[in-house]
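Novice:
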Amino acid sequence: MSNWQWQEGEWTVTRSCAWSPPGEHPIGWGLLFYSKNGRLDHVEGDPNQPITQGRVSIKFLELAEYCNSPERIIHPMKRDPKDRGDGSKWQRISWDEAWDIIVEKTRYFQEKYGNESIMTLIGTGRDVWHTVPKITFSAFETCNFEYTHNGWSCYGPRSSICAYILGAGYPEVDFASEFPEKRYDDPRYVLPETVLVAGKAPLESNPDGLFGHALIDMMKRGTELIVVDCRATWLATRAKYFMQVRPGTDTALYLAMCNVIINEDLYDHEFCEEWIYGFEEFKERVQEYPPEVAAPITGISAEKIAECARYFANCKPASMTWGLAVDEKVNGLQCAHTILLLCAITGNLDIPGGVLLGAGDAAASQWWGWEELDDAIKEKRIGAAEFPCVCTTMSTCHPDRAMDTILTDDPYPVKMIFCMSANPISCPSADPRMWEKGFHRCEYVVVADLFMNPFIASCGDLVLPVAALSEKDGIVATHYGGLTLFVGALVKACQVGECKSDDEIMLELGKRLNPSKFPWKDLHEFLTWELHGYGVEGTWEDLRDSKYGLVTPEHEFEKYAFGGQTWNGEPGFGTETGLVEAYCQRWERWGDDPLPYYEEPPYSPISTPQLFKEYPFVLTTGARSWAYFHSEQKQIPRLRAVDPWPETEMNPIDAERLGLQEGDWVYVYNMFGRCRQKLHITPIVKEGVVHSKHAWWYPEKGPDDMGYGPYGVWDANINQLVPHGVFGKLGFGSPFKSMICNVEKAEGGPDFATGWPK
Ligand SMILES: Nc1nc2c(c(=O)[nH]1)N[C@H]1C(S)=C(S)[C@@H](COP(=O)(O)OP(=O)(O)OC[C@H]3O[C@@H](n4cnc5c(=O)[nH]c(N)nc54)[C@H](O)[C@@H]3O)O[C@H]1N2
Ligand SMILES: Nc1nc2c(c(=O)[nH]1)N[C@H]1C(S)=C(S)[C@@H](COP(=O)(O)OP(=O)(O)OC[C@H]3O[C@@H](n4cnc5c(=O)[nH]c(N)nc54)[C@H](O)[C@@H]3O)O[C@H]1N2
Ligand SMILES: [Mo]
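The sequence shown begins at 19 in this note's numbering and counts up by one.
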């Protein structure tokens, strides 16, 4: 008996704090794993965990079904690369054989083509954001690590922009995490008067930082919301201001709000004079965006924009939480910049109840092992010279350029891929058929995953079975350590097959390829070392054994005033100028406007009017659904029952005009490609806007390509409508949430009993 594991009747209960998967993001849920005879039986929320207080998402409630699924990969497997695409050719092998193959292939490609011919791929949200860089730089000793989402269109832009213009880690709403005993009722806690929810649906996405339930807790205590979204979400319908924007036009809205606040003298003079660099230039820039200019762009009236701006400026304190819709657009950098300035000029940065700031460099954890890499290899990082904005805060290559190199061998060939927790052809990549072609050019592809997926079916040669979150010891740290609101221990309850955790794979592979860079004697020693990196003292076991299984460091407010926001301890912000940069010289040096500006999406009614005649809807994609984490869980029956088909949402007025009915299978298409989804007619979508779900494939259809791609991925994947190589000037932000499309009735659909329709 201990405070992290005990017996309850027939069940062994293990207390844990879990990352995604199965999904949310760099945050932690307090969970109780109930297991019996070494098998996970069910999961409950831990009512004693102070942050989540017993709440769980349905993906956790169905975790046993996920972990024990007959579809799990539970042994290492290999297949001859000439048999790619043939699901019958997989052969079970031992871990020893798997390691031997990887070592042999690594040495072969390193010697023949150089270390840079090996590239690693990463996906999102799991606890591999130190693991994969460490494998890349220390085990393979290559410079090429990439997240396969074009324009690195998630999280990286928001956290990098914070680093550039605030010198701060990821900004977050103050949700009383530092008061584990009383939370919001602690007398020291200050409730935000309003929270701006910018392009984010934290109830479904739960969250990309802030917990959805935390927002509800605050609303119950009186916090009002401003929701900026193109869909009338549950939160939007309860907001004081629901700003229903045309997808991709948010920057114009925020610039206009700044215009009103500055011109009506509603800004915080003291903060602006003392702490902002380029305030006068910014003041001049926003003159170009009065509400009357932003109104026709965004589709929101000038009066409402002005009223909302006044309201935000008068709320003390006001906070902000931003989501993916900020990143997934070509104008995303400017959007994030303007949102931060909106919070800065109203004096809400790092104050109680305002926008909390992390002290250091948000992306530091991705650099593990980079320092020790050979300089000659460092210089070969793909896209680093062309896109310093992406590659200064992050240790990655540029995603689109990485694929260009794979396709052309320019400037050198990429021969071997090591993929850990990504599903490129089903989920993150634009023009996924092109990415598939690229991976087919690579000679050897190793994948570490829990389930078979279209990428592995089509491109994989060796598969390593990975442990699920109830099957491993680990650490949860909010915002990857960029803003540590709490750090929790992930605790192993069960073992499934021969699965190993990503960290175990890293350590074992590292010891074989380059032992001096992997000095830890075991996983726990490594986790303790990792913990110290988050500023937490003691061992990993101490964390696991602690009262709640987590620590909640005290937040230091207004760090800029006393030197806590800079590297050298000087007052100010950790930027080039030591101030909040309304004017960012770095961006100017890198070839972009130093001040924020609005830019139309590359494909839109205004920028491509001719094309818009043919594709007369604005397309946004990928708003999260309760049941799935991206491409995962489609093979978990009870979750599939919640959300059985890829849905395309359309306004009733538009559907009537096209003569479409609820539940029709439709083709969603444009000049780049098409997919087939099931129509859901709903007034929550703005008229003229279509929203399609992302990351769809059909596990039940089998791995063999029958003209629909492995597991039907080409039938369902919306990313066929998004182009490769289109992103913002500085390399961030592809238009996943602001494209154009048309919709027409399809002949049948994939749910027909006979399989694929003709
Ligand atoms: N159209 C459109 N496309 C989008 C988006 C959108 O909004 N619209 N969103 C984008 C965003 S924000 C993101 S972050 C990307 C996500 O893109 P990915 O992260 O590539 O997508 P996932 O489906 O999460 O695929 C991850 C794979 O990792 C496996 N996996 C799960 N847990 C673990 C683990 O612990 N270890 C290992 N080794 N593997 C694991 C899963 O089984 C799955 O096969 O998708 C992007 N794609
Ligand atoms: N259940 C579940 N949770 C997840 C994930 C998942 O796949 N499933 N994925 C995780 C990941 S990696 C991420 S990045 C987060 C993302 O989660 P969020 O940041 O919440 O982002 P989304 O759900 O993609 O979109 C949020 C809202 O943006 C709106 N929107 C679309 N286009 C625009 C636009 O141009 N402007 C504005 N203002 N709004 C727009 C959509 O209607 C939607 O309501 O979720 C994480 N959590
Ligand atoms: Mo993401």
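For each residue, glycine too, the CB sits at the ideal point set by N, CA and C.
All of these numbers come straight from a predicted model, not from anything done at the bench.
To which residues of the same chain is Ser756 closer than 6 Å at the C-beta, ignoring the five residues directly before and after it?
Specialist: The answer, listed in chain order, is Pro265, Gly266, Lys347 and Pro619.
Novice: Tell me the residue span of the alpha helix (DSSP H) that contains Phe300.
Specialist: Phe297 to Val304 is the extent of the alpha helix (DSSP H) around Phe300.
Novice: Taking its Cβ as the centre, do 16 or more other Cβ atoms sit within 10 Å of Gly371, making it buried, or is it exposed?
Specialist: So Gly371 counts as buried.
Novice: Quick check: the Cα distance between Phe473 and Gln71, rounded to an integer number of angstroms?
Specialist: Computed Cα separation, rounded: 37 Å.
Novice: Does DSSP classify Cys512 as helix, strand or coil?
Specialist: Looking at Cys512 - three-state DSSP - the assignment turns out to be coil, as it is neither helix nor strand.
Novice: Does the region 297-305 come within contact of the region 268-280, defined as at least 3 CB pairs closer than 8 Å?
Specialist: Yes: the two stretches touch, three or more of their Cβ pairs being nearer than 8 Å.
Novice: I'd like the ranges of any alpha helix (DSSP H) spanning at least 4 consecutive residues and lying wholly in the region 620-697.
Specialist: Entirely contained in the region 620-697, the alpha helix (DSSP H) runs reaching 4 residues are, in chain order, 627-632, 655-660 and 670-676.
Novice: Closer than 7 Å to a non-hydrogen atom of ligand 2 - does that hold for the CB of Pro265?
Specialist: Yes, the Cβ of Pro265 comes within 7 Å of a heavy atom of ligand 2.
Novice: Report the option in Gly387, Thr423 and Glu390 whose CA atom is closest to the CA atom of Ala402.
Specialist: Of the listed residues, the one whose Cα sits closest to Ala402 is Thr423.
Novice: For a test of the three-state rule: what should DSSP assign to Gln262, helix, strand or coil?
Specialist: In the structure shown, Gln262 sits in a strand (DSSP, three-state: E or B).
Novice: Can you say whether Ser534 is buried or exposed, counting buried as having 16 or more other CB atoms within 10 angstroms of its CB?
Specialist: Counting Cβ neighbours within 10 Å, Ser534 comes out exposed, since fewer than 16 surround it.
Novice: Is it the case that the CB of Trp644 approaches a heavy atom of ligand 2 more closely than 7 Å?
Specialist: Checking every heavy atom of ligand 2 against the Cβ of Trp644, one is found closer than 7 Å.
Novice: Taking the alpha-carbon of Asp491 as reference, which of Ser171, Glu559 and Glu526 has the nearest alpha-carbon?
Specialist: Measuring from the Cα of Asp491, the nearest candidate turns out to be Glu559.
Novice: Take the Cβ of Ala257 as the centre, count every other Cβ of all protein chains shown within 10 Å, and call the residue buried at 16 or more, exposed below.
Specialist: Result: buried.
Novice: Using a threshold of 7 Å, is the CB atom of Arg816 nearer than that to any non-hydrogen atom of ligand 1?
Specialist: Here the chain comprises residues numbered 19 to 776, so residue 816 is not present and cannot be evaluated.
Novice: Measure the CB-CB distance between Ile493 and Val509 and report whether it falls below 8 Å.
Specialist: No, these two residues do not count as a Cβ contact at 8 Å.
Novice: Considering only C-alpha positions, which residue in the set Val263, Leu697 and Ala116 is nearest to Val636?
Specialist: Comparing Cα-Cα distances from Val636 to each of Val263, Leu697 and Ala116, the minimum goes to Val263.
Novice: Since Phe289 is in the alpha helix (DSSP H), which residue starts that stretch and which ends it?
Specialist: Looking at the DSSP string, the run of the alpha helix (DSSP H) that includes Phe289 is His287 to Trp293.
Novice: State whether the region 601-610 contacts the region 309-317, with contact taken as three or more CB pairs (one from each stretch) at a distance under 8 Å.
Specialist: With a cut-off of 8 Å, the region 309-317 and the region 601-610 do not count as touching, because too few Cβ pairs lie within range.
Novice: For Asp204, which residues of its own chain have a beta-carbon under 8 Å away from its beta-carbon, when the five flanking residues on both sides are left out?
Specialist: Closer than 8 Å at the Cβ level, and outside the excluded window around Asp204, lie Ala194 and Phe197.
Novice: In this structure, does DSSP put Ala380 in helix, strand or coil?
Specialist: Here the model assigns Ala380 a pLDDT of 44, short of 50, so the residue's position is not dependable and the matter cannot be decided.
Novice: From Pro94 to Val761, what does the alpha carbon distance come to, in whole angstroms?
Specialist: Whole-angstrom Cα-Cα distance: 43 Å.
Novice: With respect to 7 Å, is the separation between the Cβ of Leu367 and the closest non-hydrogen atom of ligand 3 below this value?
Specialist: Not under cutoff, so the answer is no.
Novice: I need the straight-line Cα distance from Val191 to Ile183, nearest angstrom please.
Specialist: C-alpha separation (whole angstroms): 19 Å.
Novice: Measure the alpha-carbon distance for Gly795 versus Ser447 and round it to whole angstroms.
Specialist: Beyond the ends of the chain as shown, which are 19 and 776, falls residue 795; an answer cannot be given.
Novice: Between Ala600 and ligand 1, is the CB less than 7 Å from at least one heavy atom?
Specialist: Not so, every heavy atom of ligand 1 lies at least 7 Å from the Cβ.
Novice: Should Thr142 be counted as a contact of ligand 3 given a C-beta to heavy atom distance under 7 Å?
Specialist: Result yes, Cβ under 7 Å from ligand 3.
Novice: In its own chain, which residues sit with a C-beta less than 7 Å from the C-beta of Pro431, not counting the 5 before and 5 after it?
Specialist: Taken in chain order, the residues that qualify are Tyr131 and Ser135.
Novice: By alpha-carbon positions, which one of Asp723, Asn737 and Pro721 ends up nearest to Trp714?
Specialist: Checked all of Asp723, Asn737 and Pro721; the closest Cα to Trp714 is Asn737.
Novice: Can you find at least 3 beta carbon pairs, one from the region 434-446 and one from the region 643-658, that sit closer than 8 Å?
Specialist: Yes: the two stretches touch, three or more of their Cβ pairs being nearer than 8 Å.
Novice: Output the distance between the C-alpha atoms of Val208 and Tyr202, rounded to the nearest integer angstrom.
Specialist: About 8 Å.
Novice: Is Leu697 near ligand 1 - that is, is its Cβ less than 7 Å away from at least one heavy atom of it?
Specialist: Result no, Cβ not under 7 Å from ligand 1.
Novice: For Tyr84, which option in Asp59, Asp64, Ser106 and Gly103 has the closest C-alpha, if you only look at C-alpha atoms?
Specialist: Looking at the Cα atoms, Asp59 is the closest of the given residues.
Novice: On the three-pair Cβ rule with 8 Å, is the region 654-671 touching the region 623-630?
Specialist: At 8 Å Cβ cutoff, the stretches do not touch.
Novice: Taking C-alpha atoms, which residue in Ala181, Tyr52, Tyr566 and Arg102 lies nearest to Phe78?
Specialist: When each option's Cα is compared against that of Phe78, the closest is Tyr52.
Novice: Taking 7 Å as the cut-off, is the beta-carbon of Leu342 closer than that to any non-hydrogen atom of ligand 3?
Specialist: Yes - ligand 3 has a heavy atom lying nearer than 7 Å to the Cβ of Leu342.
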